[in-house]
Amino acid sequence: MNRWDSIRQVSFAGGSLGLVTAVRVLRSAEVRPAGGDGDAFDTSVQLDRPAITVELATRSTDAAEALALGDAGELALTLEPARQGQPAREVRLAGAVLVGLELVYHQTVPAEAHLRFRIEAAGPGQDPFSAAEVTP
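Per our numbering: the sequence shown = residues 625 to 760.
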């Protein structure tokens, strides 16, 4: 089993987002009852509107300051392997839309940016998330 312990590179819509310190990917869907037995409990559920939310933090605000809410494109990140000789991991999210941008300017430490993206499938049965191992 491979492990990845650092973020090598992150890009959005073809532009690099430098000094990324953390990335969080949340896959979720709305849940609604699809059937019941007439009692208090549902017997099955259906998932509606599956979506992915990605939050990332960066210590470089240059690229973030140039972005605008609603900007869209592919979000891609490459993760470094924990052990030398292992393949890196590349994660791609098609159709990412920037829905949140927070710039924090501190007094005594470097500024940072927090970006939030929303990704939805282009159509039924399509998954905008893909991940694969890549050799350097």
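We put the CB at the ideal spot given by N, CA and C, even for glycine.
Close-in-space but distant-in-sequence residues of the same chain around residue i (CB under 6 Å, 5 per side omitted)
| i | result |
| --- | --- |
| Pro674 | Ala653 |
| Leu727 | Thr685, Ala737 |
CB of residue i within 7 Å of CB of residue j, strictly
| i | j | result |
| --- | --- | --- |
| Phe741 | Ala718 | no |
| Leu650 | Ala687 | no |
| Ala681 | Ala646 | yes |
Residues sharing a beta bridge with residue i, DSSP
| i | result |
| --- | --- |
| Pro722 | Looking at the sequence provided, one finds Leu at residue 722 rather than Pro. Paired residue(s): Phe741. |
| Pro657 | Val669 |
| Thr682 | Val644, Ala737 |
| Arg713 | Leu703, Glu757 |
| Gln633 | Thr702 |
Span separating the alpha-carbon of residue i from that of residue j
| i | j | result |
| --- | --- | --- |
| Leu699 | Tyr729 | 25 Å |
| Val759 | Gln708 | The sequence given here has Thr at residue 759, not Val. Computed Cα separation, rounded: 11 Å. |
Candidates the options: closest to residue i by CA position
| i | options | result |
| --- | --- | --- |
| Ala692 | Gly709, Phe636, Ala712, Phe753 | Phe636 |
| Ser668 | Thr677, Val655, Ile676, Leu680 | Val655 |
| Gly639 | Leu701, Arg683, Glu679, Asp629 | Leu701 |
| Ala749 | Leu643, Thr677, Val644, Leu671 | Per the sequence presented here, residue 749 reads as Gly, with Ala not at that position. Taking only the C-alpha atoms, the option nearest Gly749 is Leu671. |
Other residues of its chain near residue i: CB distance less than 7 Å, five sequence neighbours each side excluded
| i | result |
| --- | --- |
| Leu722 | Leu691, Leu693, Gly694, Asp695, Leu739, Phe741 |
| Arg683 | Leu643, Thr645, Pro734, Glu736 |
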